[in-house]
Amino acid sequence: MKKRLFLLLLVLGSLRVSAQQGSVIDRFFEKYESDRSFTLVSITPKMFSMFSKVSVNSVEGKRMMQVIQKLRGLRILAKENTKDGPRMFKEATSFLGKDLEDLMVVRDGDSDIRFMVKENSHGNIAELVMLVGGKDEFVAMSLVGDIDLNEISQIAGNLNISGFDKLNKLDRKKL
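Have a look at this one:
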């Protein structure tokens, strides 16, 4: 009987730890991922592992591959041509955990863009969350891994994710 109780506690404890290691915005993604009016992109650790095996010849490509090798997941939830952008932005913000820290907030015309980070024990970023709420669009993005902000901001302009290009405006000398 004691062994069963111990095993049950061990399993429940490990489930709690694995849940804590997930993205802080997971509940928001789970709420809308089955809604077909959203575009959903989910890149798993396996896919990042496969990306890292692609051979590249350019310096830029090699730099991008070094960054990709450190990533464990990317999730994007987007809705275009919607009047719900500001409401969705506010709702997504309410799902954020207290362990996230604001990195940058941008108000650009009719769009609000917010970048938040969760640091790991090495001083790098464990998760980067970006929210974009515009009058006709909404984007939520979660990037998980061992992220060096300097590296991510260098390749941000090459990625076609609404709002992500704002990262390359960070002053790298201050990071």
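In this text, residue positions in the sequence shown follow this note's numbering: the first is 5, and each later residue adds one.
Beta carbons are placed, not taken as given, at the ideal position from N, Cα and C, and that holds for glycine.
DSSP three-state assignment for residue i, whether helix, strand or coil
{"i": "E37", "result": "coil"}
{"i": "I47", "result": "strand"}
{"i": "I80", "result": "strand"}
Residues of its chain near residue i, where Cβ-Cβ distance is below 6 Å and the 5 sequence neighbours each way are ignored
{"i": "A3", "result": "Nothing in the structure corresponds to residue 3, since the chain is present only between 5 and 179."}
{"i": "D103", "result": "K122"}
{"i": "I29", "result": "F99, V133 and S146"}
{"i": "D106", "result": "M120"}
Proximity to residue i [Cα-Cα], best of the options
{"i": "F119", "options": "V136, D112 and H126", "result": "V136"}
{"i": "G77", "options": "L153, T43, P90 and S146", "result": "S146"}
{"i": "S46", "options": "F99, L107, A96 and A82", "result": "A82"}
{"i": "F52", "options": "S157, N154 and D150", "result": "D150"}
{"i": "E37", "options": "Q73, V71, K57 and R79", "result": "R79"}
{"i": "F32", "options": "I117, K74 and T97", "result": "T97"}
{"i": "G113", "options": "R67, E34, D140 and K74", "result": "D140"}
{"i": "L75", "options": "K50, K66 and D39", "result": "K50"}
Residue i classed as buried or exposed, judged by whether at least 16 other C-beta atoms fall within 10 angstroms
{"i": "M54", "result": "exposed"}
{"i": "V148", "result": "buried"}
{"i": "V143", "result": "buried"}
{"i": "E64", "result": "exposed"}
{"i": "V133", "result": "buried"}
{"i": "S62", "result": "exposed"}
{"i": "S41", "result": "exposed"}
{"i": "G138", "result": "buried"}
{"i": "S115", "result": "buried"}
Other residues of its chain near residue i: CB distance less than 7 Å, five sequence neighbours each side excluded
{"i": "T48", "result": "G77"}
{"i": "G127", "result": "none"}
{"i": "D152", "result": "N128"}
Residues near residue i in its chain [Cβ-Cβ closer than 8 Å; skip 5 each side]
{"i": "V58", "result": "M69"}
{"i": "T43", "result": "I80, L81, A82, K83 and E84"}
(request) Enumerate, from N- to C-terminal direction, the unbroken beta strand (DSSP E) stretches of 3 or more residues contained entirely within the region 82-150. (result) If one requires a minimum length of 3 residues, the beta strand (DSSP E) runs lying completely within the region 82-150 are 105-112, 115-123 and 129-137, in chain order.
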